[in-house]
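Line by line, the protein sequences give chains A and B. Following my numbering, the numbering of the first sequence begins with 316 at its first residue and continues without gaps. Following my numbering, the numbering of the second sequence begins with 2 at its first residue and continues without gaps. For reference, the structure is listed below as structure tokens.
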Amino acid sequence: NAGVTQTPKFQVLKTGQSMTLQCAQDMNHNSMYWYRQDPGMGLRLIYYSASEGTTDKGEVPNGYNVSRLNKREFSLRLESAAPSQTSVYFCASSELEGAVTFGSGTRLTVV
Amino acid sequence: GNSVTQMEGPVTLSEEAFLTINCTYTATGYPSLFWYVQYPGEGLQLLLKATKADDKGSNKGFEATYRKETTSFHLEKGSVQVSDSAVYFCAPDSWGKLQFGAGTQVVVTP
Chain A
316 NAGVTQTPKF QVLKTGQSMT LQCAQDMNHN SMYWYRQDPG MGLRLIYYSA
366 SEGTTDKGEV PNGYNVSRLN KREFSLRLES AAPSQTSVYF CASSELEGAV
416 TFGSGTRLTV V
Chain B
2 GNSVTQMEGP VTLSEEAFLT INCTYTATGY PSLFWYVQYP GEGLQLLLKA
52 TKADDKGSNK GFEATYRKET TSFHLEKGSV QVSDSAVYFC APDSWGKLQF
102 GAGTQVVVTP
């Protein structure tokens, strides 16, 4: 049972560089999410996708873009990384109003 | 949207002690309520849930009751173990999106 798979697990970027975080789920879930976790702030929703072909902004979307490539995959792109984007990023998926399953996270450092 | 208030941590306990983590929320309507747990270096895992008023969610010795009158969903465990050391997150569901509290770190010592 793979569940939600995120790559990479760790990444260091220089300010201004771009990168894409990959996420795939094998549970046939319709909804997928990207969260960031910062100390003392819990998890904050960046973007979500209620179904294939749709994406919507969450609480903290600035500086990010997403692509719902198909039902399985939901990627997060940082076009020009900033130190404020240093965080742990979690991808997740669920059925509507069902429990959310999380990936193991990507620890990103922007220097 | 929903908002969540959790008690601040860290909460430090001895093994076999009683644990309570308070959680209150504001919401439109009656959302499903969840507790998630995050062990060191891992992602979040569902611990338990309740979908309507007076429901009690339970798992691994943890319990929480959906209290509509007080908009609360406090987490309890009667006898904690060292392996329960983790960060616990309360999260109401808002139209398919979870609103997380800041998390409460629990440290259980032998």
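The beta carbon of each residue, even a glycine, is placed where N, CA and C say it ideally should be. As the structure is a prediction and not an experimental result, all values here were calculated from the model.
Between which two residues does the beta strand (DSSP E) holding residue i run?
i: F35 (chain B); result: 34-39
i: D94 (chain B); result: 87-95
i: F63 (chain B); result: 63-66
i: E77 (chain B); result: 76-78
i: Y31 (chain B); result: Here Y31 (chain B) belongs to no beta strand (DSSP E), and DSSP marks it neither H nor E.
i: T330 (chain A); result: Segment: none, T330 (chain A) is in no beta strand (DSSP E) and carries neither H nor E.
i: V426 (chain A); result: Careful: V426 (chain A) lies outside any beta strand (DSSP E) and carries neither H nor E.
i: V12 (chain B); result: 12-15
i: T52 (chain B); result: Unbroken run through T52 (chain B): none, as it is neither H nor E.
i: S321 (chain A); result: The identity of residue 321 (chain A) in the sequence shown is Gln, whereas the question assumes Ser. Counting along the chain, the beta strand (DSSP E) containing Q321 (chain A) begins and ends at 319-322.
Judging by CA-CA distance, which residue of the options is the nearest neighbour of residue i?
i: Q321 (chain A); options: A:G420, A:Q332, A:V425, A:G368; result: A:G420
i: P354 (chain A); options: B:A103, B:V107, B:E43, B:T110; result: B:A103
i: L360 (chain A); options: B:S86, B:V107, B:K98, B:Q106; result: B:K98
i: T105 (chain B); options: A:L328, A:S409, A:G357; result: A:G357
i: E388 (chain A); options: A:S364, A:T401, A:V375, A:D371; result: A:S364
i: K386 (chain A); options: A:K372, A:T401, A:S409, A:V415; result: A:S409
i: W36 (chain B); options: B:G30, B:A28, B:T29, B:L45; result: B:L45
i: M342 (chain A); options: A:T401, A:T424, A:R422, A:A414; result: A:A414
i: R422 (chain A); options: A:L328, A:T370, A:G318; result: A:L328
Per the DSSP calculation, residue i is bridged to which residue(s)?
i: G58 (chain B); result: B:A65
i: T105 (chain B); result: B:Y89
i: S73 (chain B); result: B:T25, B:R68
i: Q7 (chain B); result: B:C24
i: Q82 (chain B); result: Partner(s): none; Q82 (chain B) has no beta bridge.
Beta strand (DSSP E) runs wholly inside the region 336-415 of chain A, at least 3 long, in chain order: 346-352, 358-364, 380-383, 389-393, 402-409
Given 8 Å, three or more beta-carbon pairs between the region 19-34 of chain B and the region 361-380 of chain A: no
Inter-stretch contact (C-beta, 8 Å, three-pair minimum) for the region 394-402 of chain A and the region 338-349 of chain A: no
Inter-stretch contact at 8 Å, needing at least 3 Cβ pairs: the region 4-14 of chain B / the region 60-68 of chain B: no
Cβ pair count under 8 Å reaching 3, the region 400-409 of chain A against the region 349-362 of chain A: yes
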